[in-house]
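Peer 1: Protein chains in written order, with the numbering used here: chain W, 1 to 239; chain B, 1001 to 1239.
Even glycine gets a Cβ: it sits at the ideal position worked out from N, Cα and C.
None of the values given here were measured: they were computed from a predicted structure.
Number of protein chains: 2
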Amino acid sequence: MRDALVAAAFQLFLERGYEQTTVDDIVNLAGVGRRSFFRYFPSKEDVVFPDHERCLADMTAFLADSEADAEPVARVCDAARLVLSMYAENPSFSVQRYRLTKKVPGLRAYELSVVWRYERALAAYLRGRFAGRSDGSLRADVIASAVVAAHNNALRSWLRSDGQGDASATVDHALRYVQAAFGAPAPPSSPAPAAAGQPVGAEDSEDAEDAEDVVVVVSRRGAPLWRVVQEIETALGRH
Amino acid sequence: MRDALVAAAFQLFLERGYEQTTVDDIVNLAGVGRRSFFRYFPSKEDVVFPDHERCLADMTAFLADSEADAEPVARVCDAARLVLSMYAENPSFSVQRYRLTKKVPGLRAYELSVVWRYERALAAYLRGRFAGRSDGSLRADVIASAVVAAHNNALRSWLRSDGQGDASATVDHALRYVQAAFGAPAPPSSPAPAAAGQPVGAEDSEDAEDAEDVVVVVSRRGAPLWRVVQEIETALGRH
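Right, here's the structure in full:
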C-alpha cells in the first residue's frame, strides 16, 4: 500500500508536475482512500521522501549502539553512509527525486530540514563523545556539518551522473577528506605505532621528554595543508 | 517606516506570540497600510529577519571584491564575520529574535533556508578559487559548511548568554578552529617566515633538498589533532 502510493505519486509528479498533483489524484490512481494516504504520510511533501524517517531512526540507533571507544569521526562517517545506502538501494527513484527536488522550492526547503536533522543526530553523538573537552560543542558542530557536506557533495555528484558509477567509492573519497582534517587521536591506551613519514628524531624539546612520545613530520612549505594532516595521521597510525 | 514595522511586529510577537499576530495587527499598530508592509516584506516571516537580504548582498559583494590572491579560507571567514556584525549591531533585538525562532517551527525552517544561502555564497566563492584543483567542489562545500557551522556555534553561544560577552572574540576563536583544519598554504611569493613551534631542523630528506623549504613540527603523540594543525600553521606563518 505504502509503496503503491509512492509509485502513484511519482508517476503523477513526472507526468504533470509536483504542484499540479493533489493528494486526491494520488489516492485515485493508487485506488485507495485519502485516510490511507495520511496514515503513511503527514503531507504531500513526505511522499517525496518516504524513507528519511526510517533512515534517521536507523542512524540514531546506529550511533547509540557505538562502542564507547569507537573513533568518533570515523563513526559519524559510517553513520552518514547509511543515508547513501538508502539512496543507492534504488538509483532510478533517487535520480527522479533529485530532478524533482531541484525544480520545486518547497521540496528543497523540506530537504534542508531533513539534512539539518541528520546533521543534528551526528552532532549530538559527537557532543557526547567530546563532552568535557575544550571546545567540545564547537568541534561536534563543525565536524557534523563537514561530514554532511562531504556526503552530500558526493551524493549529488552521483545523482547528477544519473546514478552511474560507484556511489560508495565517491562517498568514501569525500569522507576521507573530512577524516584527514578532523580525525581524532587514537586513545592513549592503544599500542604506540612506529612513526612513519619522514622521522628525523627530536631532542631537547620541553614538550617531549621521552622520544617515544614524539612524532616529527617533515613537509615542504608549499604542500597543501590537508596532505600535511594526512601525513601526520599516517605517522600517528590513525589510518 | 521599515523600522517602525519591525518594532511593531516584535512588540506584538512578544506580547501575544508569533502565530497569534497577523500582518493586519502589525500595520494597525504601526499606523500604516497593508501595502506598505508588503512593499518591505514579502511575508510575515521576513519581518523577523529584516536584515538578512542586505547582509547576503553585502557578503556577495565582499567576496566578489576579493583580491585574486587572497587566502580563500581566511576570506570566507571574514565574509562570515559580516553576519556576526549584523547580529552584534543590535544585541537585544538579536536575543529576542533568537528566543522567538527557537519556539516557532516555521521560523526555524526560514532560518535554515537563510543559512543555506549564506553557505552557498561562501561555497560559490571557494569553488571559483579552487577551480581546476582536484576535489575543488568537495573542498569548497566542506569548508563553506564548516565555516558556517563554526560561526553559528559561536553566535548561538553568544545569543544564549543574552548577548553578553565579546561576540567577535567568540566567533574568532571558532573560526580559527576551521582555519587550522583547512587553511591553505601561503602563496609561494610571500616572504618565508621563520619557523616557530619546536623547530629541530631536517636533514637527508628526499622531499626536502633545501632546508629553507622545510618545516619540522614536534608534537606529543596524545595532542589533539587540531592543536598539531595550529602549530603547523603557526610554523608556516599563516597566522
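I want to see whether chain W comes within less than 7 Å of B:W1116, judged by CB atoms only; does it?
Peer 2: By this cut-off, B:W1116 is an interface position.
Peer 1: By how many angstroms is the C-alpha of B:D1172 removed from the C-alpha of W:Q11?
Peer 2: 50 Å
Peer 1: Going by DSSP in three states, B:A1202 sits in which element: helix, strand or coil?
Peer 2: Below a pLDDT of 50, predicted positions are generally treated as unreliable, and B:A1202, at 36, falls in that range; the measurement from the model is reported next regardless. Correct three-state label for B:A1202: coil.
Peer 1: If the criterion is Cβ atoms closer than 7 Å, does the pair W:R127 and W:A140 meet it?
Peer 2: In contact: W:R127 and W:A140 (Cβ atoms closer than 7 Å).
Peer 1: For B:A1008, which residues from the same chain have a beta carbon less than 7 Å from its beta carbon, with the 5 sequence-adjacent residues on both sides left out?
Peer 2: I1026, L1029 and A1030
Peer 1: Could you give the distance in angstroms between the alpha-carbon of B:Y1118 and the alpha-carbon of W:E71?
Peer 2: 31 Å
Peer 1: Taking the straight line between their C-alpha atoms, what separation do you get for B:F1062 and B:A1080?
Peer 2: 10 Å
Peer 1: Beta carbons nearer than 7 Å to chain B: which residues of the stretch 92–125 of chain W have them?
Peer 2: A109, L112, S113 and W116
Peer 1: How would you write the range of the alpha helix (DSSP H) that W:T170 sits in, first residue to last?
Peer 2: A167 to F182
Peer 1: Provide the residue span of the alpha helix (DSSP H) that contains W:R117, from first to last.
Peer 2: Start and end: P105 to R129.
Peer 1: Can you check whether the C-beta of B:V1171 is within less than 7 Å of a C-beta belonging to chain W?
Peer 2: no
Peer 1: Residues in the stretch 1152–1170 of chain B with C-beta within 7 Å of chain W's C-beta atoms, listed in sequence order?
Peer 2: N1153
Peer 1: W:V47 and W:V6: beta carbons closer than 7 Å?
Peer 2: yes
Peer 1: Apart from the five residues on each side of it in sequence, which residues of its chain come closer than 8 Å, Cβ to Cβ, to W:A146?
Peer 2: V178, A181 and F182
Peer 1: Along the stretch 46–70 of chain W, where does the CB come closer than 8 Å to a CB of chain B? Name the residues.
Peer 2: none
Peer 1: From this set, W:V83, W:V114 and W:S137, which residue's C-alpha is nearest W:E45's C-alpha?
Peer 2: Nearest in C-alpha terms to W:E45, of all of W:V83, W:V114 and W:S137, is W:V114.
Peer 1: Along the stretch 24–46 of chain W, what residues have a CB closer than 7 Å to any CB found in chain B?
Peer 2: none
Peer 1: How would you write the range of the alpha helix (DSSP H) that B:P1072 sits in, first residue to last?
Peer 2: Start and end: P1072 to E1089.
Peer 1: Is it buried or exposed for W:E89, if we count other Cβ within 10 angstroms and need 16 for buried?
Peer 2: exposed
Peer 1: Could you check which residue in W:T170, W:L56 and W:R2 has the C-alpha nearest to that of W:H151?
Peer 2: W:T170
Peer 1: Could you name the residues of the same chain whose beta carbon sits closer than 7 Å to that of W:A174, not counting the 5 residues immediately before and after it, in chain order?
Peer 2: Excluding sequence neighbours, W:A174 sits near A150, H151, N153 and A154.
Peer 1: In the structure shown, what three-state DSSP assignment does W:V23 receive?
Peer 2: helix
Peer 1: Taking a Cβ distance cut-off of 8 Å, strictly less, list which residues of the stretch 1126–1138 of chain B are near chain W, in chain order.
Peer 2: D1135, S1137 and L1138
Peer 1: Which whole-angstrom value describes the C-beta separation of W:F37 and W:L100, a residue pair presumed to lie in contact below a C-beta threshold of 8 Å?
Peer 2: W:F37 to W:L100, Cβ: 18 Å. No contact.
Peer 1: Determine whether the beta carbon atoms of W:L82 and W:D58 lie at a separation below 7 Å.
Peer 2: yes
Peer 1: Where does the unbroken alpha helix (DSSP H) through B:A1068 begin, and where does it stop?
Peer 2: Element bounds for B:A1068: n/a, residue is neither H nor E.
Peer 1: Taking the C-alpha atoms as reference points, what is the distance between B:R1034 and B:W1116?
Peer 2: 30 Å
Peer 1: Of all the CB atoms in chain W, is at least one closer than 7 Å to the CB of B:A1194?
Peer 2: Low per-residue confidence applies at B:A1194: pLDDT is 39, beneath 50, and the placement is therefore not dependable, though the value from the model is reported in the following sentence. By this cut-off, B:A1194 is not an interface position.
Peer 1: Measuring only between beta-carbons, confirm whether B:D1003 sits less than 7 Å from chain W.
Peer 2: no
Peer 1: So, with DSSP's three-state summary, where would you put B:D1207?
Peer 2: Note that B:D1207 has pLDDT 39, beneath the 50 cutoff, so the model's placement of it is unreliable and the number below is only indicative. Coil, per DSSP.
Peer 1: So, does the CB of B:A1149 fall closer than 7 Å to a CB anywhere in chain W?
Peer 2: yes
Peer 1: Below 7 Å between beta carbons: does that hold for W:L107 and B:L1112?
Peer 2: Between W:L107 and B:L1112, the CB-CB gap reaches or exceeds 7 Å.
Peer 1: Determine, using beta carbons only, whether W:D141 comes closer than 7 Å to chain B.
Peer 2: yes
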